[in-house]
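Peer 1: This is the structure I want to talk about, given as structure tokens.
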DNA sequence: CGGAGTCACGATAGCGCTATCCCTATCGTT
DNA sequence: AACGATAGGGATAGCGCTATCGTGACTCCG
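Residue numbers (the working numbering), protein chains in the order written: chain Z, 100 to 455; chain B, 100 to 455.
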């Protein structure tokens with residue numbers, strides 16, 4: 100045997116080995132194959148015999164091996180950094196969004212840079228800095244998905260980006276949404292089915308394109324049901340609790356008052372409930388109130404809100420996936436295949452609505 | 100000049116170079132120094148002349164260089180992965196917590212693994228899997244900071260961990276909190292200063308050690324102010340909106356009813372406001388209501404809640420920092436210096452309290 | 001004035017992995 | 001039988017950075 104001849108010269112310097120765990124070399128030795136074969140198995144490449152694959156996988160399990168993300172990135176020259184810009188959407192939204200994207204980022208071995216991007220006058224500078232620092236792509240949750248200045252930068256620098264929950268995503272972006280129009284239509288129809296004929300609508304922030312789609316859905320449902328659209332029943336809002344307070348006061352001051360209020364998000368719906376209560380009205384006995392988003396407010400309000408649930412975590416997961424695909428495509432010289440995903444919403448019936 | 104002799108043999112294989120940006124070699128060339136000097140500057144090592152440091156920094160700026168996290172981790176043998184376990188605290192809390200820790204994780208170049216750890220019966224398995232996969236440390240926000248089964252695993256496997264906002268952190272953990280007792284005392288004193296003599300207290304979930312500290316603060320303030328502690332005025336709660344509803348009903352059914360209600364968190368305080376309104380009581384005219392945490396609910400309620408603000412993002416940043424220090428210490432064979440940080444809280448006065 | 005100590009900095013060898021190139025055994029084809 | 005085609009798998013060279021050690025230029029002191 101030539102085993103001792105093969106040994107490398109004794110290391111005089113102390114080893115710099117860091118990982119407590121096994122390395123790919125250990126696995127290769129254990130399985131009796133080369134490093135590359137182990138690597139192939141781990142990356143699911145095709146040209147490995149089933150039997151070999153199993154042997155390697157057993158070795159991996161036996162040694163409790165988990166690959167070093169750092170080494171993989173470095174070797175594959177595929178370090179991907181994705182910027183996730185956010186600007187104070189409701190806490191619940193951001194939260195679920197973050198969890199979904201973090202999970203997907205970990206799964207696909209990309210680094211997520213989470214950046215607050217609050218004040219409009221600083222936005223451009225922040226995005227520019229990210230781009231300059233070599234970010235590989237951007238995720239734009241609402242309301243940033245509709246920000247013109249960010250769009251311009253993205254297009255100028257040809258940075259792959261995904262808009263989430265934008266009403267009408269720019270042509271050079273991938274996007275992930277639910278069908279806001281259809282969802283609002285379904286909710287309005289639901290109220291009509293309960294017998295409501297005067298349905299107040301609190302619109303969302305006009306700067307977000309989803310707002311007008313929700314309004315459109317409301318109008319479509321009225322029309323389909325043979326009800327006249329009454330401009331007085333639509334009042335402006337900004338997606339904030341405070342704006343919901345004011346909007347509801349206007350609606351309930353109408354004569355005759357609406358028997359149902361459809362707020363464009365849950366914050367405003369919660370505000371509507373609060374105003375109704377303070378006016379001595381019962382919800383849903385005197386007015387039904389429904390929201391949109393299924394934010395935490397929906398269940399920390401009494402009565403709990405009937406609302407539209409968006410699969411936010413799934414959407415953010417999909418957004419990361421799409422972005423990574425686009426980035427890899429661009430790196431390989433392929434044209435990224437912009438895709439516009441539409442995910443299913445769900446009408447969640449709780450206790451804030453009832454027959455008219 | 101020997102410049103052309105120095106050139107490496109023409110590369111026949113295509114370069115595997117990935118980064119669009121500059122590498123440390125580019126910076127070194129630009130600044131006219133060696134790689135190591137650049138590395139030293141970037142890591143803030145002491146033994147570099149001020150003049151050289153500046154030259155390097157200029158080169159870095161000129162090339163808009165940013166180092167590859169993957170390469171740094173690999174070379175320094177210092178890849179650190181931290182597990183952040185969470186279990187459905189309020190969305191606002193988790194949110195701020197995540198943002199803070201993500202930021203600090205990015206800054207210190209460690210990888211954050213965010214893990215949902217909801218159901219008690221699965222917790223142990225999840226934590227064990229994380230540990231087996233070679234996680235280097237754990238962050239335990241409430242309520243997991245007080246979970247006995249997790250504590251046991253952490254101690255058994257000697258995994259560095261930091262408990263955040265635990266009332267009485269286990270002896271083998273580092274911790275970061277605010278002084279819950281002092282904060283509750285301050286809030287109670289605030290109500291007493293406003294002239295309230297009958298102050299209802301809604302306790303928090305007894306499984307979380309912070310709950311009893313908040314109650315203790317309430318009692319301490321009463322005693323210091325010469326008021327008798329009245330057991331009837333303290334009702335149990337679970338930190339949930341729903342439990343706040345019930346607790347408030349009990350408090351307001353008392354005769355005489357309290358003129359102020361101190362809820363152990365904002366969810367329950369929001370519930371208290373809701374119940375008061377439905378009973379036709381004005382807040383704060385008929386009852387003052389105050390909360391704890393400064394969660395989003397505090398400002399999406401009318402009237403906005405007076406509450407105690409914890410610097411959650413700062414706390415999570417500190418937790419990550421502490422954990423990284425502990426991990427590095429352990430790797431170098433030093434004993435980690437367990438530390439118990441206490442950060443400043445703030446009483447935020449809004450519109451839900453008034454003189455008795 | 002020579003040797004020890006200090007300081008700023010350079011040369012080099014990896015960190016753990018994958019891309020690339022290359023070799024071998026096996027098969028079908030003529 | 002000779003040939004190319006095609007798996008399946010090995011050897012090697014980096015990816016971009018830092019740890020370690022080496023080196024020359026200074027200081028300091030007996």
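Glycine included, each C-beta is placed from N, C-alpha and C at the ideal position. Keep in mind that this is a model prediction, so the values were computed, not measured.
Shortest alpha-carbon distance to residue 365 of chain Z belongs to which of Z/383, Z/379, Z/382 and Z/390?
Peer 2: Sequence index remark: in the first chain, residue 365 of chain Z carries index 266 (1-based). Of Z/383, Z/379, Z/382 and Z/390, the residue nearest in Cα terms is Z/390.
Peer 1: Is it true that the CB of residue 325 of chain B sits closer than 8 Å to the CB of residue 287 of chain B?
Peer 2: In the second chain, counting from the first residue as 1, residue 287 of chain B sits at position 188. In the second chain, counting from the first residue as 1, residue 325 of chain B sits at position 226. No, the Cβ-Cβ distance between residue 287 of chain B and residue 325 of chain B is not below 8 Å.
Peer 1: Can you confirm whether the stretch 186 to 203 of chain B touches the stretch 151 to 159 of chain B when touching is taken to mean that 3 or more C-beta pairs between the two stretches lie within less than 8 Å?
Peer 2: Too few Cβ pairs lie closer than 8 Å, so no.
Peer 1: What residues in its chain sit with their C-beta under 8 Å from that of residue 100 of chain Z, if we drop five residues either side in the sequence?
Peer 2: The residue labelled residue 100 of chain Z in the question sits at position 1 within the first chain. With a pLDDT of 37 at residue 100 of chain Z, under the threshold of 50, the predicted position of this residue should be treated as unreliable, and no value is reported.
Peer 1: With distances taken Cα to Cα, identify the nearest neighbour of residue 411 of chain B among B/194, B/163, B/150 and B/144.
Peer 2: Here the question's residue 411 of chain B lines up with position 312 in the second chain. The shortest Cα separation from residue 411 of chain B among B/194, B/163, B/150 and B/144 belongs to B/194.
Peer 1: As a quick exercise: from B/291, B/141 and B/307, pick the residue whose alpha carbon is nearest that of residue 339 of chain B.
Peer 2: Along the second chain, read from residue 1 onward, the residue named residue 339 of chain B stands at position 240. Considering only alpha carbons, the answer is B/307.
Peer 1: How many angstroms separate the CA atom of residue 123 of chain B from the CA atom of residue 230 of chain Z?
Peer 2: Taking the second chain and counting its residues from 1, one reaches residue 123 of chain B at position 24. Taking the first chain and counting its residues from 1, one reaches residue 230 of chain Z at position 131. Going from the Cα of residue 123 of chain B to the Cα of residue 230 of chain Z covers about 19 Å.
Peer 1: Flag residue 165 of chain B as yes if its beta-carbon sits less than 8 Å from any beta-carbon of chain Z, otherwise no.
Peer 2: In the second chain, counting from the first residue as 1, residue 165 of chain B sits at position 66. Closer than 8 Å: yes.
Peer 1: Going by C-alpha distance, which of B/179, B/164, B/258 and B/181 is nearest residue 434 of chain B?
Peer 2: Within the second chain, the letter at position 335 stands for residue 434 of chain B. With distances taken between Cα atoms, residue 434 of chain B lies closest to B/258.
Peer 1: Would you say residue 231 of chain Z lies against chain B (beta-carbon separation less than 8 Å)?
Peer 2: Locating residue 231 of chain Z in the first chain gives position 132, counting from the first residue. Answer yes: the Cβ-Cβ gap between residue 231 of chain Z and chain B drops below 8 Å somewhere.
Peer 1: Less than 8 Å between the CB atoms is what I'm expecting for residue 181 of chain Z and residue 209 of chain Z, so what's the real figure, rounded?
Peer 2: Within the first chain, residue 181 of chain Z is the residue found at index 82, counting from 1. Within the first chain, residue 209 of chain Z is the residue found at index 110, counting from 1. Contact holds; Cβ gap of about 6 Å.
Peer 1: I believe residue 453 of chain Z touches residue 383 of chain Z by the beta-carbon criterion, under 8 Å. Please report the beta-carbon distance rounded to the nearest angstrom.
Peer 2: For the purposes of this step, residue 453 of chain Z is identified with residue 354 of the first chain, where counting begins at 1. For the purposes of this step, residue 383 of chain Z is identified with residue 284 of the first chain, where counting begins at 1. 4 Å between Cβ atoms; contact.
Peer 1: Take residue 331 of chain B and list the residues in its own chain whose beta-carbon comes closer than 8 Å to its own, dropping the five residues that flank it on each side.
Peer 2: Within the second chain, residue 331 of chain B is the residue found at index 232, counting from 1. 353.
Peer 1: Would you mind sorting residue 161 of chain B into buried or exposed? The rule is 16 or more other CB atoms within 10 Å of its CB.
Peer 2: Here residue 161 of chain B refers to the residue found at position 62 when the second chain is read from its first residue. With fewer than 16 Cβ atoms within 10 Å of its Cβ, residue 161 of chain B is classed as exposed.
Peer 1: May I have the straight-line CA-CA distance separating residue 375 of chain B from residue 385 of chain B, to the nearest angstrom?
Peer 2: Stepping through the second chain from its first residue, residue 375 of chain B is reached at position 276. Stepping through the second chain from its first residue, residue 385 of chain B is reached at position 286. Roughly 9 Å between the two C-alpha positions.
Peer 1: Does DSSP classify residue 257 of chain B as helix, strand or coil?
Peer 2: Translated into the one-based positions of the second chain, residue 257 of chain B becomes position 158. Here residue 257 of chain B sits in coil by DSSP.
Peer 1: For a contact defined as C-beta to C-beta under 8 Å, what are the partners of residue 376 of chain Z on chain B?
Peer 2: Stepping through the first chain from its first residue, residue 376 of chain Z is reached at position 277. What residue 376 of chain Z touches in chain B: 373, 376 and 377.
Peer 1: In whole angstroms, give me the CA-to-CA distance for residue 377 of chain B and residue 402 of chain Z.
Peer 2: By one-based count along the second chain, residue 377 of chain B stands at place 278. By one-based count along the first chain, residue 402 of chain Z stands at place 303. The alpha-carbon atoms of residue 377 of chain B and residue 402 of chain Z are separated by roughly 11 Å.
Peer 1: By the 10 Å Cβ neighbour count, where 16 or more other Cβ atoms means buried, how is residue 276 of chain Z classified, buried or exposed?
Peer 2: For this step, residue 276 of chain Z is matched to residue 177 along the first chain. Counting Cβ neighbours within 10 Å, residue 276 of chain Z comes out buried, since at least 16 surround it.
Peer 1: Can you look up residue 458 of chain B in the DSSP assignment and give me helix, strand or coil?
Peer 2: This structure gives no information on residue 458 of chain B, because the portion of chain B shown stretches from 100 to 455.
Peer 1: Could you give the first and the last residue of the continuous beta strand (DSSP E) run that contains residue 427 of chain B?
Peer 2: The residue given as residue 427 of chain B occupies position 328 in the second chain. Run containing residue 427 of chain B: none in the beta strand (DSSP E); it sits in the alpha helix (DSSP H), 411 to 430.
Peer 1: Look at residue 333 of chain B and residue 314 of chain B and say whether their C-beta atoms are less than 8 Å apart.
Peer 2: What you label residue 333 of chain B is simply residue 234 of the second chain in a count that begins at 1. What you label residue 314 of chain B is simply residue 215 of the second chain in a count that begins at 1. In contact: residue 333 of chain B and residue 314 of chain B (Cβ atoms closer than 8 Å).
Peer 1: Please report the straight-line C-alpha distance between residue 236 of chain B and residue 415 of chain B, rounded to a whole angstrom.
Peer 2: As a position in the second chain, residue 236 of chain B is number 137, starting the count at 1. As a position in the second chain, residue 415 of chain B is number 316, starting the count at 1. Cα to Cα, the separation comes out at about 14 Å.
Peer 1: The beta strand (DSSP E) with residue 185 of chain B in it runs from where to where?
Peer 2: Counting from 1 along the second chain, the entry for residue 185 of chain B is found at position 86. From DSSP, the beta strand (DSSP E) with residue 185 of chain B extends over 180 to 185.
Peer 1: Check the Cβ-Cβ distances between residue 199 of chain B and every residue of chain Z, and say whether any is below 8 Å.
Peer 2: Position 100 of the second chain holds residue 199 of chain B. By this cut-off, residue 199 of chain B is not an interface position.
Peer 1: Could you name each continuous beta strand (DSSP E) segment of 3 residues or more that falls completely within the stretch 196 to 228 of chain Z, going from the start of the chain to the end?
Peer 2: Here the runs fully enclosed are 210 to 215.
Peer 1: Please return the same chain residues whose Cβ sits closer than 7 Å to the Cβ of residue 141 of chain Z, not counting the five positions on each side in sequence.
Peer 2: Within the first chain, numbered from 1, the residue matching residue 141 of chain Z stands at position 42. Once the five neighbours on either side are set aside, the close Cβ partners of residue 141 of chain Z are 166.
Peer 1: Answer with yes or no whether the minimum CB distance from residue 224 of chain Z to chain B is below 8 Å.
Peer 2: The count along the first chain starts at 1 and reaches residue 224 of chain Z at position 125. No, residue 224 of chain Z does not count as interfacial toward chain B.
Peer 1: Given 8 Å as the limit, is there contact between the stretch 260 to 273 of chain B and the stretch 292 to 303 of chain B, that is, 3 or more CB pairs closer than that?
Peer 2: No, they do not touch.
Peer 1: Kindly list the residues whose CB is nearer than 8 Å to the CB of residue 113 of chain Z, restricted to its own chain and excluding five residues on each side of it in sequence; keep chain order.
Peer 2: The residue you call residue 113 of chain Z lines up with position 14 of the first chain. Because residue 113 of chain Z carries a pLDDT of 44, less than 50, the predicted location of this residue cannot be relied on, and the following value inherits that uncertainty. So no residue of the chain qualifies.
Peer 1: Between the stretch 280 to 297 of chain Z and chain B, which residues of the former have a C-beta closer than 7 Å to a C-beta of the latter?
Peer 2: From the stretch 280 to 297 of chain Z, no residue has a Cβ closer than 7 Å to chain B.
Peer 1: Determine which residues share a DSSP beta bridge with residue 354 of chain Z and list them.
Peer 2: If you number the first chain from 1, residue 354 of chain Z lands on position 255. The partner list for residue 354 of chain Z (beta bridge, DSSP) is empty, contrary to what the question assumes.
Peer 1: Does the beta-carbon of residue 404 of chain B have 16 or more other beta-carbons within 10 angstroms, so that it is buried, or is it exposed?
Peer 2: For this step, residue 404 of chain B is matched to residue 305 along the second chain. That one is buried.
Peer 1: So, does the CB of residue 350 of chain Z fall closer than 8 Å to a CB anywhere in chain B?
Peer 2: Here residue 350 of chain Z refers to the residue found at position 251 when the first chain is read from its first residue. No, residue 350 of chain Z does not count as interfacial toward chain B.
Peer 1: Note down, in chain order, each residue of its chain lying with its Cβ closer than 8 Å to the Cβ of residue 132 of chain B, except the 5 sequence neighbours on either side.
Peer 2: As a working mapping, residue 132 of chain B is identified with position 33 in the second chain. Counting only Cβ-Cβ distances below 8 Å, and skipping sequence neighbours, we find 151, 154 and 155.
Peer 1: If we call anything under 8 Å between Cβ atoms a contact, is residue 139 of chain Z one with residue 147 of chain Z?
Peer 2: Mapped onto the first chain, residue 139 of chain Z falls at position 40. Mapped onto the first chain, residue 147 of chain Z falls at position 48. For residue 139 of chain Z and residue 147 of chain Z, yes; Cβs fall inside 8 Å.
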